[in-house]
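All remarks here apply to the structure that follows.
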DNA sequence: TAGAAATATCGCAAATTATAGATATGCATT
DNA sequence: AATGCATATCTATAATTTGCGATATTTCTA
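Protein chains in written order, with UniProt numbering: chain U, 1 to 113; chain X, 1 to 113.
What follows is the structure in structure tokens.
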């Protein structure tokens, strides 16, 4: 079946590259690759809510060691570029990787650059 | 035989992402994909010198329409990130894409991010 | 309904990047 | 050796990004 992905355009690609040109934001993405391992609790919460692998802002913050406001801003940048997706559940906001964007980015580099 | 490429590390990847987070620099890379087509003359020069596909700075400049100093600076940024390589021949400096870095970047995104 | 906790947004100073003009350097020609 | 190109580097200013504390907003709970 293999649904074709709509490719990203130059503008979106550049927004992604900007998001990736910061070590802390790249580290956040890398941490989110293995939520179970990097973040002890909560796995069941997001799973039950249909948002498996989602991690809340404060967990990311304590793992990375930057301020709350910077954490929130970085996640917004990652969200707007499409590299992560989020879901609010109660007072928590959970973020997880958007693997589809990763694949699109890989294709963009292979084909368009 | 397929020689394995030494992978790039986070630091180099971020330098590459910075280089790519500018529309003009991305355009330069895209133009260099098809040197024959985008740049009329000179093809034979670089070929004879063992640097096929190389384009000189002033040709790139006139195609893109930015100042000479900005062109030179952008090419230096692309060079330092490894996305292009260069060869000086006489009074000209020729630049061409470094496809190996492209492949490494694709792998980096698929495996490390 | 008054706190408390989690997150987002605002406003700011510091650092970095963008871009260009001016100048320097290297090479070729006379 | 003087001049003319091609390119690189220097210097400066405007624009953007970084990262934080302060404040606002949302949601939960007593």
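Idealized CB from N, CA, C, for every residue including glycine.
Given the structure is predicted, the values throughout are model-derived calculations rather than measurements.
By the criterion of Cβ-Cβ separation under 7 Å, what are the contact partners of residue 21 of chain U in chain X?
Within chain X, the residues near residue 21 of chain U are 14, 17, 18, 21.
Any beta carbon from chain X within less than 8 Å of residue 50 of chain U's own beta carbon?
Closer than 8 Å: no.
Quick one: complete alpha helix (DSSP H) runs, 4+ long, within the UniProt domain "HTH arsR-type" (5 to 113) of chain U?
Runs found: 10 to 20, 23 to 31, 35 to 38, 43 to 48, 57 to 64, 68 to 81, 99 to 111.
State yes or no: is the beta carbon of residue 110 of chain U nearer than 8 Å to at least one beta carbon in chain X?
Taking Cβ atoms only, chain X reaches closer than 8 Å to residue 110 of chain U, which makes this a yes.
Between the region 17 to 28 of chain X and the region 64 to 83 of chain U, can you find at least three pairs of beta-carbon atoms closer than 8 Å?
Too few Cβ pairs lie closer than 8 Å, so no.
Looking at C-alpha atoms only, which residue of U:2, U:1, U:49 is the closest neighbour of residue 94 of chain U?
For the residues U:2, U:1, U:49, the minimum Cα distance to residue 94 of chain U belongs to U:49.
Compute the Euclidean distance between the alpha carbons of residue 52 of chain X and residue 25 of chain U, then round it to the nearest angstrom.
Their Cα atoms are separated by approximately 38 Å.
Determine whether the Cβ of residue 45 of chain U lies closer than 8 Å to any Cβ atom of chain X.
False, the Cβ-Cβ gap to chain X never drops below 8 Å.
Hey, how far is the Cα of residue 111 of chain X from the Cα of residue 107 of chain U?
The straight-line gap from Cα to Cα measures roughly 14 Å.
Could you check whether the Cβ of residue 79 of chain U sits closer than 8 Å to any Cβ belonging to chain X?
It does not; no Cβ of chain X falls within 8 Å.
So with Cβ pairs under 8 Å, would you call residue 113 of chain X a contact of chain U?
It does; some Cβ of chain U falls within 8 Å.
Classify residue 65 of chain U as buried or exposed, calling it buried when 16 or more other Cβ atoms lie within 10 Å of its own Cβ.
Residue 65 of chain U is exposed by the Cβ-count criterion.
Would you call the CB atoms of residue 102 of chain U and residue 113 of chain X closer than 8 Å?
Contact: yes.
Can you tell me the Cα-Cα spacing of residue 36 of chain U and residue 59 of chain U, whole angstroms?
Going from the Cα of residue 36 of chain U to the Cα of residue 59 of chain U covers about 12 Å.
So, at 7 Å on beta carbons, what are the nonlocal neighbours of residue 54 of chain U in its own chain, with the 5 sequence-adjacent residues on each side left out?
Same-chain partners within the cutoff: 46, 87, 94, 95, 96.
Residue 9 of chain X CB to nearest chain U CB: under 8 Å?
Chain U, which has no Cβ nearer than 8 Å to the Cβ of residue 9 of chain X, makes this no.
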